[in-house]
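*Asks:* The structure under discussion is supplied below as structure tokens; questions concerning it will follow.
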Amino acid sequence: MASGYGYKGPNRCFAFWQDFLKCYNQADKVTDCNLYREDYFECLHPTKEVQRVKTIIEEADRQKKANAQSSEKSNGLNILSKD
1011 MASGYGYKGP NRCFAFWQDF LKCYNQADKV TDCNLYREDY FECLHPTKEV QRVKTIIEEA
1071 DRQKKANAQS SEKSNGLNIL SKD
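Here is the structure:
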């Protein structure tokens, strides 16, 4: 699949590869294309996306735990719940 096309059409990262290759061919320095390279590698290996999702899940769990603790401390009558 060197062309970027497989049996079901273009690879999901092929557009990023084309952008990177176009920049690389026109750039004076290789470092000019770092953003395109990062986009392409993020498409291949979604490490930043996985980290963001992990952070969101941890924050949601933290908020649930904080809400549970605050509702447990008082049930409206300043009496601790038995649960």
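Under this note's numbering, the first residue of the sequence shown carries the number 1011, and numbering increases by one thereafter.
For glycine and all other residues, C-beta sits at the position ideal for the given N, C-alpha and C.
#1: Could you compute how far the alpha carbon of D1038 sits from the alpha carbon of F1026?
#2: Out of curiosity, what's the CA-to-CA distance linking C1023 and T1057?
#3: Rounded to whole angstroms, what is the Cα-Cα separation between L1054 and Y1017?
#4: Please classify Y1015 as buried or exposed, where buried requires at least 16 neighbouring CB atoms within 10 angstroms.
#5: Going by other Cβ atoms of all chains shown within 10 Å of its Cβ, with 16 needed for buried, is Y1034 buried or exposed?
#6: How far does the alpha helix (DSSP H) with A1025 in it reach, from first residue to last?
*Replies:* On the basis of the supplied data:
#1: Distance between the alpha carbons of D1038 and F1026 is about 20 Å.
#2: Between C1023 and T1057, the C-alpha separation is close to 15 Å.
#3: If you draw a straight line from the Cα of L1054 to the Cα of Y1017, it is about 19 Å long.
#4: So Y1015 ends up on the exposed side.
#5: The residue in question, Y1034, is exposed, as its Cβ has fewer than 16 Cβ neighbours within 10 Å.
#6: F1024 to Q1036 is the span of the alpha helix (DSSP H), which, as asked, contains A1025.
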